[in-house]
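Visitor: The sequence shown begins at 51 in the numbering used here and counts up by one.
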Amino acid sequence: MPTSSELFTVRTPQQAQELLMQHFQPVVRAESVSIGEALGRVLAANVAAPEDLPTFRRSTVDGYAVSAADTYGASPGLPALLTVVGEATMGQMADMGMGMGEAVLVHTGSALPDDADAVVMVEHTQSAGQQEIEVMRPIAAGENVFQVGEDVRRGEVILRAGQPIRPQDVGGLAALGIVNVLVAQRPRVGIISTGDEIVPPDHTPHIGQIRDVNSVALGAMVQQVGGLPVFYGIVPDVRARLVETAARAKAECDIVVLSAGSSVSYRDMSVEVIHGLGQPGVLVHGVSVKPGKPTIIALADGVPVFGLPGNPVSAMTIFNLFVTPIIRALLGASERGAHRVQARLTRNIASVTGREDHVQVTLEQRDGVYWATPVAGKPNQIFTMVRATGVVCVPLNANGITAGESVTVRLDA
Ligand code: AMP
Ligand code: MG
51 MPTSSELFTV RTPQQAQELL MQHFQPVVRA ESVSIGEALG RVLAANVAAP EDLPTFRRST
111 VDGYAVSAAD TYGASPGLPA LLTVVGEATM GQMADMGMGM GEAVLVHTGS ALPDDADAVV
171 MVEHTQSAGQ QEIEVMRPIA AGENVFQVGE DVRRGEVILR AGQPIRPQDV GGLAALGIVN
231 VLVAQRPRVG IISTGDEIVP PDHTPHIGQI RDVNSVALGA MVQQVGGLPV FYGIVPDVRA
291 RLVETAARAK AECDIVVLSA GSSVSYRDMS VEVIHGLGQP GVLVHGVSVK PGKPTIIALA
351 DGVPVFGLPG NPVSAMTIFN LFVTPIIRAL LGASERGAHR VQARLTRNIA SVTGREDHVQ
411 VTLEQRDGVY WATPVAGKPN QIFTMVRATG VVCVPLNANG ITAGESVTVR LDA
């Protein structure tokens with residue numbers, strides 16, 4: 051096995067991504083869920099409308115179903131006189147039969163009689179005795195009628211594989227009587243925190259200890275992207291324990307994420323443990339990203355394994371760069387840009403050529419323009435991220451960005 055320092059060859063983010071994708075073929079596994087549980091899930095197959103909607107002609111107003119021809123030339127001075135032969139009851143067929151010179155009382159959403167081709171709004175009529183109404187203006191055929199298939203046509207693809215299901219989508223499915231949909235199974239992402247100094251969030255750390263930020267923060271990121279976090283707890287810096295936990299996570303999950311211990315000091319055993327998990331082993335150790343340089347990317351017998359730096363800002367930055375796309379690939383999620391806005395920088399951001407910087411910023415709107423201000427902080431400060439509204443990426447080959455320049459800010463959800 052190569053030693054950890056031999057494996058440490060810094061790659062660009064793109065090279066790292068490509069190396070992993072050369073070895074990894076994501077397979078989307080589908081499952082059926084009810085529409086009540088489908089929100090946010092990613093569709094695994096296109097959905098076509100099984101029927102026209104509406105399936106019958108409906109009135110869009112309260113009024114009288116008529117034959118448009120009977121109203122031609124009608125005016126307040128010379129209204130069209132029609133005989134009301136019935137009332138369309140909501141939820142019933144309107145099969146009362148309606149001939150020339152006749153009308154049927156209808157309500158918003160009720161079915162139209164076969165011989166009606168338009169609906170006169172009640173406001174444009176007046177009563178003229180027991181069974182008669184006067185129509186005060188002419189109406190065109192089709193007016194105030196919700197036609198068969200006007201909302202959606204039978205056979206039309208209404209939702210596409212790869213798209214996340216939104217509230218309006220489950221509404222549309224319900225309208226068509228589709229109560230179950232095929233969605234991608236949530237990829238299981240095993241999360242392991244390592245480090246002798248790490249204690250659970252509900253413990254009071256003594257001096258030298260810190261609470262585990264990464265398990266819960268990375269777990270939340272998994273959930274936000276659509277995966278299922280599986281927590282393996284905090285493992286001390288004891289090789290055998292780490293090997294055992296990582297092997298269990300690899301056996302039970304689609305992706306494994308370890309945080310901390312990813313650099314090259316003698317205590318940082320992650321790279322060797324990860325390399326020993328399966329074939330082909332470590333593909334990348336070191337990416338030209340700040341924060342997050344000591345990142346490990348591996349594939350162990352088909353399971354992507356990530357060794358993230360322990361500092362929470364680094365861990366989350368690297369998760370977003372490399373783990374999020376893999377979860378999305380396993381979901382078959384179609385390309386969708388994160389929410390982004392254009393802003394101008396209030397201050398310089400320093401960088402060096404050959405390194406991609408991810409910088410937390412706050413946003414402020416002045417005179418219709420967004421201004422982005424970098425949040426001061428080190429990668430071990432989780433509150434750098436808590437205070438930020440978004441992230442600016444300084445590209446690999448840029449040498450920093452100057453105050454006043456326009457930047458794209460990726461908004462955190
Ligand atoms: P390492 O990657 O092990 O060198 O850790 C880098 C820094 O991240 C150290 O200061 C660790 O104490 C800190 N750290 C490691 N794991 C966590 C965690 N789960 N939550 C918060 N901080 C962590
Ligand atoms: Mg450590």
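C-beta: ideal position from N, C-alpha, C; glycine also.
Can you find a heavy atom of ligand 1 that lies under 7 Å from the Cβ of residue 246?
Guide: no
Visitor: Use the C-beta contact count for residue 374: other C-beta atoms within 10 angstroms, 16 or more gives buried, fewer gives exposed.
Guide: Burial state of residue 374 is buried, judged by a 10 Å Cβ sphere holding 16 or more other Cβ atoms.
Visitor: Would you tell me roughly how many angstroms separate the C-alpha atoms of residue 51 and residue 92, rounded to the nearest one?
Guide: With a pLDDT of only 49 at residue 51, under the threshold of 50, the placement of this residue in the model should not be trusted, and no figure is reported.
Visitor: Take residue 89 and list the residues in its own chain whose beta-carbon comes closer than 7 Å to its own, dropping the five residues that flank it on each side.
Guide: 215, 217, 220
Visitor: Could you pull the start and end residues of the beta strand (DSSP E) that residue 171 belongs to?
Guide: Start and end: 168–171.
Visitor: Going by the beta-carbon positions, is the gap between residue 60 and residue 312 smaller than 8 Å?
Guide: no
Visitor: The beta strand (DSSP E) spanning residue 467 covers which residue range?
Guide: Residue coverage of the chain in this structure runs from 51 to 463, which leaves residue 467 outside it and unanswerable.
Visitor: Do you know whose CA, among 409, 364, 270, lies nearest residue 279's CA?
Guide: 270
Visitor: For a minimum of 3 consecutive residues, which ranges assigned as the beta strand (DSSP E) are wholly contained in the region 56–105?
Guide: Within the region 56–105, the beta strand (DSSP E) runs of at least 3 residues that lie entirely inside it are, in chain order, 80–84.
Visitor: Along the chain, where does the beta strand (DSSP E) containing residue 394 start, and where does it finish?
Guide: 390–395
Visitor: Can you give the beta carbon distance from residue 359 to residue 368, rounded, assuming they're within the 8 Å contact cut?
Guide: About 7 Å separates the two Cβ atoms, so the contact holds.
Visitor: How would you label residue 295, buried or exposed, when you count the other beta carbons within 10 angstroms and need 16 or more for buried?
Guide: buried
Visitor: Would you call the region 223–233 in contact with the region 95–115, where contact means no fewer than 3 C-beta pairs closer than 8 Å?
Guide: yes
Visitor: Is residue 310 near ligand 1, in the sense that its beta carbon is under 7 Å from a heavy atom of that ligand?
Guide: Checking the Cβ of residue 310 against ligand 1 gives yes.
Visitor: Report all residues from its chain with a CB closer than 8 Å to the CB of residue 182; omit the five preceding and five following residues, and keep chain order.
Guide: 131, 132, 133, 134
Visitor: Tell me whether residue 376, by its Cβ, gets closer than 7 Å to a heavy atom of ligand 1.
Guide: no
Visitor: Could you check what DSSP says for residue 449 in three-state terms: helix, strand or coil?
Guide: coil
Visitor: Roughly how many whole angstroms lie between the Cα atoms of residue 301 and residue 383?
Guide: 24 Å
Visitor: Whole angstroms is fine: what's the gap from residue 441's alpha carbon to residue 350's?
Guide: 31 Å
Visitor: Check whether the region 323–340 touches the region 235–242, counting contact only when three or more Cβ pairs, one atom from each stretch, lie closer than 8 Å.
Guide: no
Visitor: Please identify the residue among 379, 255, 439 whose C-alpha is closest to the C-alpha of residue 414.
Guide: 439
Visitor: Between the alpha carbons of residue 400 and residue 449, how many angstroms are there, rounded?
Guide: 7 Å
Visitor: Measure the alpha-carbon distance for residue 190 versus residue 204 and round it to whole angstroms.
Guide: Residue 190 and residue 204: Cα-Cα distance of roughly 27 Å.
Visitor: Please return the same chain residues whose Cβ sits closer than 6 Å to the Cβ of residue 58, not counting the five positions on each side in sequence.
Guide: Only 314, 335, 336 meet the Cβ criterion.
Visitor: Residue 97 and residue 208: beta carbons closer than 8 Å?
Guide: yes
Visitor: Please specify which runs of the beta strand (DSSP E), each continuous and at least 3 residues long, are wholly inside the region 374–447, giving them in chain order.
Guide: Counting only runs of 3 or more, we get 390–395, 406–416, 419–424, 440–444.
Visitor: In the structure shown, what three-state DSSP assignment does residue 236 receive?
Guide: coil
Visitor: Throw me the rounded Cβ distance for the residue 138 and residue 117 pair, which I believe falls under 8 Å.
Guide: Going by Cβ atoms, the distance from residue 138 to residue 117 rounds to 15 Å, so no, they are not a contact pair.
Visitor: Is the CB-CB distance between residue 354 and residue 305 below 8 Å?
Guide: Annotated as proximal: residue 354 and residue 305, with beta-carbon spacing under 8 Å.
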